Structure formats: C-alpha cells, structure tokens
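Numbering-wise (numbering that gives the first Met the number 0), the sequence shown opens with residue 0 and increments by one.
Glycine residues also receive a C-beta, built at the ideal position from the N, C-alpha and C atoms.
These numbers come from a predicted model, not from an experiment.
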Amino acid sequence: MISPSVLSDPTPDVDMVLVQTLRERLRGYRPRLELLVFGLSLLGILDVVHLRIQQGRGFKNGCLGTSSFGGNTSLFDCAAVTTGPGHELLGVDNTTWGLGFYGMVGLLTVIVFWVAPALREWGHGARFGLLTGGVAYSAYLTYLQVSPPETVCLLCLGSAFITTFLFAGQVALLASSPTFPSDSMSSRLVKRQIALFVYFIAAAAVLVGTDLVYFNGEGAQDVQARSRSASGSVASAQCELDDSKAPLQDQGSSLVGFQDIAEGSNESGVTVVEYFDPNCPHCKDFHQIMKQVVEAHRDEVRFVYKPFPLRRSSLPEIQALYVAAQSDKFDEMLEAQYARQGPNGISTQDLRAIADDIDLDPNVLTDRVEQNEYRDQILQQRKQAVKIGVDSTPTVLINGHFVESRTKECLNTFVEQAKSGTLSDAASG
C-alpha cells in the first residue's frame, strides 16, 4: 500500500533541498579554484595596465608595444577600438572600468577566503553577479570589434578571454562540492593561502613595475629621437625618403577625398599630405616648418592635412578643426590649438574660447563636436593611414613617397623633384 505522503506534491521539498545545497556550496571554500580566480583577476589587471600604457604612447608600435606581432595594420588597430563606439560606459573609459572590475573580483576573492561561512555566501553571490555582468559586457565589446569595419584590439580581446575564464571558474566553484567542512579551516591552510595570495600580488606588482619602466623608458627615448629628427638637429649629408615604407602606386591620389582639408593648387600634379595630431608636440614644432614650405609653393602644389588621432583626447579637437575648416578658419583653429597644447589635450571651454577668438559661434562649434559629426570619418581615415604604413606623427608623404628628412630645405627639394618628375629616381637612388 502506498503512503499518502508519497502521493503528495514533492516540489516544495525538492526546492528546499536545492536551495539548501546551493547555500552549502556558497558557504564552501575550494582553495585551488579560488587561487585560479584570484590569479586571473591579477592577470586582468596586468592586461588593462599594459593597455593604458600603450594608449598613453599612442599605440606607436601596435597594441602590444611591439610591431613584430599585433602591430598597426588594417586589422589590428587598438587606437581605433579604444576611441570608437563602446569605448566608454556612462562617460567613463573602459580601461578605468576594467581596473575597477578586476580589482573588485580580486577583493571579493580575498573576502570569500577571509570571512565566516555565513558571510561567504554573500561574497560568492556578489562575485557571481559581477562576473555575469562582466562577461555580458565583454561579449558586447567583442561584437563591436568583429563587426564591420572589423578592427581588432588584441589586449581588449585578451581581457574578454580573461573575463570568460573568470566566469567559468565561478561556475565551476558553484558546481563543485567543498573539499572540507565549510565552517572551519585549519591554521595550516590559512597560512598557506595567505602566503600564496601575497606571492601572486608581489609577482603582479613586479610585472606592472617592469612594464611601466620598460615602455615609459622606451617611449622617452623614442620622443627624444623623433624630436631631434623633426627639428632637423641631427645633421644629414643628404635628404632622404623613408625606404622602409613602400611608396603608393597612385602617387597618393587615393588618400585625398572631397572632405579633406586642403589648400594650394593641383596644376603641377604634386600633392603633399601631412598626418598630424593637434596634441603631438613634434607636430607643433614641425608646423612652423610646414608653414614656410606651404608659403613657398602654395600656388603650384596641393597641400592636404590629415588629422591622425594618437589618443582619444584628440578627437574633439580634430572635429573642431573640420568644423572650422568649413568656415575657412582651419589655420586659425590649428594655430590656437597648438598654442594651448597640453599633456591632456584642451577642454571644451578652451575650444569655445578659441571659437570666440577666431569669430566662430562657440555654441555651434561645441554642438557639432558633441554630435560627433566627423567621428566616423576620422576613425576611418586613421584606419586607412595605418594600412599604408602611418604609425606616428608628424608623417609627410609627397606624391605617395614617405619623407624621412623633414627639414625645410629637404621638403623644398622633394617638392621640386616631384614637380620635375624625378622624385621616384631620387627614391630608387
């Protein structure tokens, strides 16, 4: 005979068992899996720190800091990704969110280890919620990269993989049973876990310090070398084109579009293209040389100005240049931006003040800049430049030939050679 109790609805009892089992697992501690999660959180911090270092250097040698792999190409362009759609959340840069995210995961892991079992379940729950949001946001950012125009940031993808592994680790923690009673830990285990946490943190600190010292030092050396080259302080027996970069087959005509900022004449068939960033100190110095070259050849040469943002803070200024160009105020806007140049770019208030000084409506200027009217054009232009070999500013091309020697005398010489059709002969010679 079957007992009536057996025929009753078992669902409430099953639900209670499941809830109880989940709570027991949330209260448990699995040393190896917790160390894995903690290590991955530190790895994520390393990834984001390296990304911020390379971002500060304008990704000169690619996303990883070395052009040998993941360098600037049409596919790998971290600058475009970190300034493109989705680079901010609630007005805060994704790298800042990333540091906070990985730091919080690491902190919650320590809390899970340290607190009593009754509180541990809250730590597990908070970390699970944080990682769920993190993996969803990472998936969204990855989608933005792999969708057209398919520009990829290797460090950003690396962060997405780390977040995915962290989420998988948290799921594994909840799916596995504790290997020892969750209400007590031996003093030996506590000491061992603390020691391993400390070792992990020390190793991460050493790696971050090495990263900062190496790349900042390399960046300083590069700045000095490029500054000498831009100012012409290094004596050279002859003017040289950049043999390391192949000249463009169409003499650079494919680089010029109807939206470009240009001046001069097309009659001689000579086109000089300058890639610059209004926040680049070398561009500011080189601008004085370029002004003299333009003045000498304005009536016979076409000069095309191509803003090339090295960092996100340059985008508002570059958009302001395009707005000013429509009112024939490009030169005045660029001169004023160079005059106010600083390590963090110039503010919206500065742009408004410049607009007022050069007889532009400040409200119209800032409204168009805030609408990102030229943002896609700028980023697409940057991608095209990277594809042909532009990796720093200032970069000058004359009829598709990359210029190495950027003194006034050499630029005038190259222009004359281009006018006479002998520039290609000079390059081959």
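(message) Rounded to whole angstroms, what is the Cα-Cα separation between Ala-203 and His-281?
(response) Ala-203 and His-281 have their C-alpha atoms roughly 35 Å apart.
(message) Can you find the residues in the same chain that come closer than 8 Å, C-beta to C-beta, to Arg-381, ignoring five residues on each side of it along the sequence?
(response) Counting only Cβ-Cβ distances below 8 Å, and skipping sequence neighbours, we find Asp-76, Ala-78, Ala-79, Phe-307, Pro-308.
(request) Have a look at the DSSP bridge pairing and note the partners of His-49. (result) In the DSSP assignment, no residue is bridged to His-49.
(message) For a test of the three-state rule: what should DSSP assign to Asp-315, helix, strand or coil?
(response) The sequence as given places Pro at residue 315; Asp does not occur at that position. If DSSP states are grouped into helix, strand and coil, Pro-315 belongs with the helices.
(request) Determine, using beta carbons only, whether Ile-260 and Arg-405 come nearer to each other than 8 Å. (result) Result no, Cβ atoms of Ile-260 and Arg-405 do not sit closer than 8 Å.
(message) Classify Ala-224: buried if its beta carbon has 16 or more other beta carbons within 10 angstroms, exposed otherwise.
(response) Because the pLDDT at Ala-224 is just 43, under 50, the model does not fix this residue reliably, and the value given afterwards should be weighed accordingly. Around the beta carbon of Ala-224, a 10 Å sphere encloses fewer than 16 other beta carbons of the protein chains shown; the residue is thus reported as exposed.
(request) Name the two residues that bound the continuous alpha helix (DSSP H) containing Lys-386. (result) Counting along the chain, the alpha helix (DSSP H) containing Lys-386 begins and ends at 374 to 387.
(request) Kindly indicate which three-state DSSP category Pro-116 falls into: helix, strand or coil? (result) Reduced to three states, the DSSP call for Pro-116 is helix.
(message) Check whether the segment 361 to 371 and the segment 289 to 304 are in contact - that is, three or more C-beta pairs closer than 8 Å.
(response) Here the segment 361 to 371 does not lie against the segment 289 to 304, with fewer than 3 beta-carbon pairs under 8 Å apart.
(request) Could you tell me the distance, in whole angstroms, from the CA atom of Gly-102 to the CA atom of Ala-323? (result) For the pair Gly-102 and Ala-323, the Cα-to-Cα distance works out to about 43 Å.
(request) Can you grab the Cα-Cα spacing for the pair Tyr-198 / Pro-246, in whole Å? (result) Roughly 52 Å separates the two Cα atoms.
(message) According to DSSP, is Ile-260 part of a helix, a strand, or is it coil?
(response) Under the three-state reduction of DSSP output, Ile-260 falls in the strand class.
(request) Return the first residue and the last residue of the alpha helix (DSSP H) that Glu-331 is part of. (result) Glu-331: member of the alpha helix (DSSP H) spanning 329 to 338, first to last residue.
(message) Please state whether the Cβ-Cβ distance between Ile-52 and Asp-276 is less than 8 Å.
(response) For Ile-52 and Asp-276, no; Cβs fall outside 8 Å.
(message) When you compare the segment 349 to 367 with the segment 391 to 406, are there three or more beta-carbon pairs, one atom per stretch, that lie closer than 8 Å?
(response) Of all C-beta pairs linking the segment 349 to 367 to the segment 391 to 406, fewer than three are shorter than 8 Å, placing the two stretches out of contact.
(request) Could you spell out the range, first to last residue, of the alpha helix (DSSP H) harbouring Arg-351? (result) Taken as a continuous stretch (DSSP letters only), the alpha helix (DSSP H) holding Arg-351 covers 347 to 356.
(request) Excluding the 5 residues preceding and the 5 following Ser-423 in the sequence, name in chain order all residues of the same chain whose CB lies nearer than 7 Å to its CB. (result) Around Ser-423: no qualifying Cβ.
(message) For Asp-221 and Asn-411, what's the separation of their Cα atoms in angstroms?
(response) In this predicted model, Asp-221 has a pLDDT of only 47, less than 50, meaning its place in the structure is not dependable; the value taken from the coordinates is given anyway. Per the coordinates, the alpha-carbon of Asp-221 lies some 26 Å from the alpha-carbon of Asn-411.
(request) Rounded to whole angstroms, what's the CA-CA distance from Asp-241 to Gly-128? Just pull it up for me. (result) When rounded, the separation of the alpha-carbon atoms in Asp-241 and Gly-128 is 53 Å.
(request) Please report how far the alpha carbon of Ile-357 lies from the alpha carbon of Gln-379, in whole angstroms. (result) Here the alpha carbons of Gln-379 and Ile-357 stand approximately 29 Å from one another.
(message) I'd like the span of the beta strand (DSSP E) that includes Pro-280, first residue to last.
(response) No beta strand (DSSP E) contains Pro-280, which is instead part of the alpha helix (DSSP H) from 280 to 296.
(message) If you follow the beta strand (DSSP E) that Arg-29 is in, where does it begin and where does it stop?
(response) Bounds of any beta strand (DSSP E) do not take in Arg-29, whose DSSP letter is neither H nor E.
(request) Report yes if the C-beta distance between Val-47 and Ser-158 is below 8 Å; otherwise report no. (result) Yes, these two residues count as a Cβ contact at 8 Å.
(request) Compare the C-alpha of Glu-33 against each of Thr-141, Phe-413, Phe-166 and name the closest. (result) Closest by alpha carbon: Phe-166.
(request) Using three-state DSSP, classify Asp-276 as helix, strand or coil. (result) Reduced to three states, the DSSP call for Asp-276 is coil.
(request) Take Leu-314 as the anchor and find which of Asp-249, Glu-415, Tyr-373 has the nearest alpha-carbon. (result) It is Tyr-373 whose Cα lies nearest to the Cα of Leu-314.
(request) Give me whichever residues DSSP pairs with Ile-397 in a beta bridge. (result) DSSP output for Ile-397 lists Val-271, His-400 as bridge partner(s).
(request) Name the residue from Leu-396, Leu-188, Gly-90, Ile-110 whose alpha carbon lies nearest to the alpha carbon of Gln-248. (result) Of the candidates Leu-396, Leu-188, Gly-90, Ile-110, the one whose C-alpha sits nearest the C-alpha of Gln-248 is Leu-396.
(message) With a threshold of 8 Å, are at least 3 pairs of Cβ atoms found where one atom belongs to the segment 326 to 339 and the other to the segment 80 to 100?
(response) No, the segment 326 to 339 is not in contact with the segment 80 to 100.
(message) Considering just the uninterrupted stretch of the alpha helix (DSSP H) at Phe-413, what are its terminal residues?
(response) Residues 407 to 419.
(request) Note down, in chain order, each residue of its chain lying with its Cβ closer than 6 Å to the Cβ of Gly-122, except the 5 sequence neighbours on either side. (result) In the same chain as Gly-122, and ignoring 5 residues on each side of it, the C-beta atoms closer than 6 Å to its own belong to Leu-107, Ile-110, Val-111, in chain order.
(request) Classify Arg-119 as buried or exposed, calling it buried when 16 or more other Cβ atoms lie within 10 Å of its own Cβ. (result) Classification of Arg-119: buried, given that the 10 Å Cβ count is 16 or more.
(message) Taking DSSP's pairing of strands, which residues face Leu-88 in a bridge?
(response) Note: Leu-88 sits in a beta bridge opposite Val-91.
(message) With a threshold of 8 Å on Cβ separation, who are the neighbours of Asn-265 within its own chain once the five nearest residues in sequence on each side are excluded?
(response) Result list for Asn-265: Arg-301, in chain order.
(message) Quick check on DSSP: helix, strand or coil for Lys-244?
(response) Coil at Lys-244, not helix or strand.
(message) Given this structure, state the Cα-to-Cα distance separating Lys-386 from Phe-164, to the nearest angstrom.
(response) If I take the Cα positions, the gap works out to 33 Å.
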